[in-house]
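What follows is a set of notes on a single structure, which appears directly below.
Residue numbers (the numbering used here): 17 to 305.
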């Protein structure tokens, strides 16, 4: 800015023109050079979550400092900012855009990391009974999320909460897709029990307030569709499901009929006991079927 001032003064322009030239050149510095550098940095494939958090913190401070940059230019040109023709600096929008880009990248990278853990899940869908403990991949995933959200304590509250909710919703959706995968033809009740142990760990994580600021069980509701579906099968509570279907007070309000039927068909194929297999649909009254 000082170099630009010296150059402008050599042109023998008026103070107002010099002030205007300084502000325009500073705007170019902010909107082209600095903004481009920040955007390129944020989009680097190997940039980590910690670095993205730091970018958000830095751009927040830079945005707050913009008013001092305005004052600085006014002081060296002796032109008041209230002058009608004074150009405004675009630093606020530059840093705000960069921060939003970094926030979006955090949500994307978190989901990608969750996908990596999901890909190494190795369920035995024919197991006769559960292992009695949650799957290793799931516990590793939760430990990763827990340590990641500790870093997020330095972020503005809303950003940390959005990231946490986004991650839980993505995990819940991914687990549901795993159950309903068309390539998966049969599921034993033992596998359902094992899957239930994993979802319980997800719910415990959500209830542990990994990020402060959530009201009540807001975060746990990310897993409500899975919880109600698994409860329906674990308790085998079809009479209640069918009797209450369509009612706002239904215990299984979040269980979509097509989802329930898809999983029921997989469980039916997974039953090894032929007598149980033959009777599975006989438990439904004719009009329920």
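Just so you know, even glycine gets a beta-carbon here, dropped at the ideal spot from N, CA and C.
Given a threshold of 16 other Cβ atoms within 10 Å of its Cβ, counted over all protein chains shown, does residue i qualify as buried or as exposed?
i	result
residue 100	Here residue 100 scores only 45 on pLDDT, less than 50, and its place in the model is too uncertain to base an answer on.
residue 226	buried
residue 29	exposed
residue 288	exposed
residue 132	exposed
residue 117	buried
residue 232	exposed
residue 198	exposed
residue 151	buried
residue 26	exposed
residue 265	exposed
residue 80	exposed
residue 210	buried
Using 9 Å as the threshold, is the C-beta distance between residue i and residue j below it?
i	j	result
residue 114	residue 75	yes
residue 46	residue 105	yes
residue 326	residue 230	Nothing in the structure corresponds to residue 326, since the chain is present only between 17 and 305.
residue 63	residue 57	yes
residue 139	residue 194	yes
residue 278	residue 171	no
residue 183	residue 130	yes
residue 286	residue 141	yes
Tell me which same chain residues have a C-beta within less than 7 Å of the C-beta of residue i, skipping the five on either side of it?
i	result
residue 206	143, 144, 145 and 146
residue 38	17, 20, 21, 24, 89 and 93
residue 155	217
What whole-angstrom Cβ distance do residue i and residue j have, given they're in contact under 8 Å?
i	j	result
residue 238	residue 185	5 Å
residue 246	residue 203	Contact flag wrong, Cβ pair sits at about 12 Å.
residue 111	residue 85	Between residue 85 and residue 111 the Cβ distance is about 11 Å, and since that is not below 8 Å, they are no contact.
residue 157	residue 282	Actually they do not touch by this definition, with Cβ atoms about 24 Å apart.
Out of curiosity, what's the CA-to-CA distance linking residue i and residue j?
i	j	result
residue 66	residue 165	10 Å
residue 175	residue 236	18 Å
residue 122	residue 69	8 Å
residue 59	residue 180	21 Å
residue 221	residue 162	8 Å
residue 95	residue 40	15 Å
residue 228	residue 173	8 Å
residue 149	residue 120	35 Å
residue 273	residue 267	14 Å
residue 212	residue 50	49 Å
residue 270	residue 82	48 Å
residue 168	residue 31	46 Å
residue 42	residue 107	9 Å
residue 234	residue 224	12 Å
residue 44	residue 276	58 Å
residue 128	residue 109	28 Å
residue 61	residue 251	46 Å
Closer than 8 Å by C-beta to residue i: which residues in its own chain qualify, once you throw out the five before and the five after it? Chain order, please.
i	result
residue 188	218, 238, 239, 241 and 242
residue 215	191, 239, 242, 243 and 246
residue 256	267 and 268
residue 73	170 and 171
residue 71	54, 57, 58, 114, 115 and 118
residue 253	247, 267 and 268
residue 160	129 and 133
Consider the C-beta atom of residue i and the heavy atoms of the ligand SAM; say whether any pair is separated by less than 8 Å.
i	result
residue 275	Looking at this structure, you won't find the ligand SAM or any other ligand, since it has none at all.
What residues in its chain sit with their C-beta under 6 Å from that of residue i, if we drop five residues either side in the sequence?
i	result
residue 33	none
residue 177	227 and 229
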